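Be aware that the sequence shown starts at 8, since it is given in our numbering, and climbs by one per residue.
Virtual Cβ for every residue (Gly too), placed ideally from N, Cα, C.
Keep in mind that this is a model prediction, so the values were computed, not measured.
Right, one structure below, let's go through it.
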Amino acid sequence: MTFTIRATVFQTPTPTRFEHREDVVISVADGAIVEIVDAATFAGTPDVTLPDNTVLVPGCIDLHIHAPQWPQLGTGYDVPLDQWLFEYTFPTEAKCADTEYARAVWDDMVPALLANGTTTAVYYGSIHLDATTELARSCIEHGQRAWVGRTAMDHPDGTPEYYRDTSAAQALANSRASIDEITALDDPRGLVAPIITPRFIPACTDELLTGLGELAAETGHLTQTHCSENDWEHGYVIDRHGVSDTHALDGFGLLRESTVLAHGCMLSDDDFTTIASRGAGVAHCPLSNVYFGDAVFPTRRALSTGVKVGLGTDIAGGPSPSLLAQAARAVDVSRHLENGVDQSLTADERGVDDSRIDATTAFYLATLGGADVLGAPLGLLEAGRRFDAVAISLDDVDNVPGNDTAERRFEKLVRLAGRRDITHVWVDGVQVSGGSS
Ligand SMILES: [Zn+2]
């Protein structure tokens, strides 16, 4: 399938560069961008022409979503992480034993995320094989690009009896079966891939972590887990293994190229160096970290040490399904880190110098940063990459139109745009959300 679209493009080819391409025509064939030319030089009539004051941006890449937590989004932020899991989250996830219930959740969530501009999602499923395969099937049917992982968790202390794999051997067998089932799905556009998913070290025995590391080496599939999320989780791993989360995961063979490490609020410079050397990346979840992270993830320091960084909603740890909202919050929390938050301290001792990021860096994290973590040809509208794109109307965002430069309109988009402003969403060259053109 081939089509052409005429639009003005806003995007970020690096963490510090905003690119504005006014009035271009993008040619797409079989889901890939073939070329981008100035509209004035294009012969013919484009298949789609976006209205004035609507811009085209790369689709958002959400690196961290717990799909079975969709029903609890926006609730239960009154207790710390370890309590939150047992009181609210594990009981909610356990309901996915009923595959029909789970499928109804997926069929509500996936279109909602697409409507929010999330063209690629990296999911934790539940522990259940059938529900997780249905999640992958739902993504294919709704047209969302996704990595889908069956959540593996067998530790008798870190999980409740009613919601855990019954042994390491059973967990490994189910994780392998999940890979096989997802790989075997009818997916002509190649939208969905499995991802090996130990929940986090506190929920997994050493035997399971070792086996999943071996499974990753054997199959070459991506891996994801949580890493140094907060004081409790970070401290637990040091108590159990005598080293940081990063080094423990590395020892289990779970720190690999394109491994997605969620949160990382407590990572040290030594951890950053190790993560960068392995080619792994961090899913920065700024809103979730406000509630559960105990500290602000130092985005700028991570990028400066060569760590790949993208963004995650951490549904339902973060109470918003919008990755654009996460981008805005990533800027906000970086200012808290730089300025500090305790007014009883002097200005000199209150914050961490050189920590702030701006809207350009935040949008980069939401798009190309996430693509780089995954090693996928996404996140930027340029020839050779897949056409995953979102059209955003600036009618409401750009108050008093005509007064601002492209740079300032882009800044408004990052801080103010949301689902209501998104008019069209394409994944792999196919429109999957929004109105007709
Ligand atoms: Zn998480």
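For Ala354, the distance from the CB to the nearest heavy atom of ligand 1 is not below 7 Å. If the five residues before and after Ser34 are omitted, its C-beta is found closer than 6 Å to the C-beta atoms of Thr11, Val41 and Glu42, all from its own chain and listed in chain order. For Gly258, the enclosing alpha helix (DSSP H) starts and ends at Asp252 to Gly258. Residue burial annotation: Leu330 is buried, with at least 16 other C-beta atoms found within 10 angstroms of its C-beta. Rounded to the nearest whole angstrom, the CA to CA distance from Val289 to His241 is 15 Å. Looking at Pro20, Ala424, Thr23 and Thr15, the one whose alpha-carbon comes closest to that of Val31 is Thr15.
A straight line joining the alpha-carbon of Leu192 with that of Pro98 spans about 29 Å. Environment of ligand 1, chain-ordered: His71, His73, His233, Ala269, Asp321 and Gly324, taking every residue with Cβ within less than 6 Å of a heavy atom.
As the crow flies, the alpha-carbon of Tyr371 is around 9 Å from that of Ala334. DSSP lists Gly288 as the bridge partner or partners of Lys315. Out of Ala122, Thr139 and Asp403, the CA that lies nearest to the CA of Gly442 is found in Ala122. Counted as a single uninterrupted DSSP element, the stretch harbouring Cys211 is not any beta strand (DSSP E), since DSSP gives it neither H nor E. Spanning the alpha carbons of Thr106 and Glu236 requires a straight line of approximately 30 Å.
Relative to the Cα of Asp435, the nearest Cα in the group Asp395, Gly249 and Leu274 belongs to Asp395. When the beta-carbon positions are compared, Leu274 and Thr306 stay at least 8 Å from each other. By the CB criterion at 8 Å, Phe17 and Val55 fall outside the cutoff. Counting other Cβ atoms within 10 Å of its Cβ, Thr412 stays below 16 and is therefore classed as exposed.
Restricting attention to Trp91, Glu100, Arg196 and Asp114, the CA atom closest to the CA of Ser295 is found in Trp91. Under the DSSP definition of a beta bridge, Val432 partners with Val397 and Ser440. For Thr126, the three-state secondary structure derived from DSSP is strand. Annotation note: the region 127–156 contains the following uninterrupted alpha helix (DSSP H) runs of length 4 or greater, listed N- to C-terminal: 136–149. For Phe304, the three-state secondary structure derived from DSSP is coil. The region 73–82 and the region 127–143 touch, with no fewer than 3 CB-CB distances between them shorter than 8 Å. Going by C-alpha positions, Asp301 is about 30 Å away from Gly382. According to DSSP, Val32 shares a beta bridge with Arg13 and Val44. Taking a 10 Å sphere around the C-beta of Asp37, we find fewer than 16 other C-beta atoms and assign the residue as exposed.
Between Ile203 and His228, the CB-CB gap stays under 8 Å.
Between the C-alpha atoms of Pro20 and His291 there is a straight-line separation of about 19 Å.
By the beta-carbon neighbour count (other beta carbons within 10 angstroms, threshold 16), Gly156 is buried. Secondary structure at Asp238: helix, using DSSP grouped into helix, strand and coil.
When the beta-carbon positions are compared, Gly324 and Ile68 stay at least 8 Å from each other.
In the pairwise beta carbon analysis, the region 419–427 is classified as touching the region 386–401: at least three pairs are separated by under 8 Å.
If you ignore the 5 residues before and after Thr312, its C-beta comes within less than 8 Å of the C-beta of Asp276, Phe279, Thr280 and Ala283, all in its own chain and listed in chain order.
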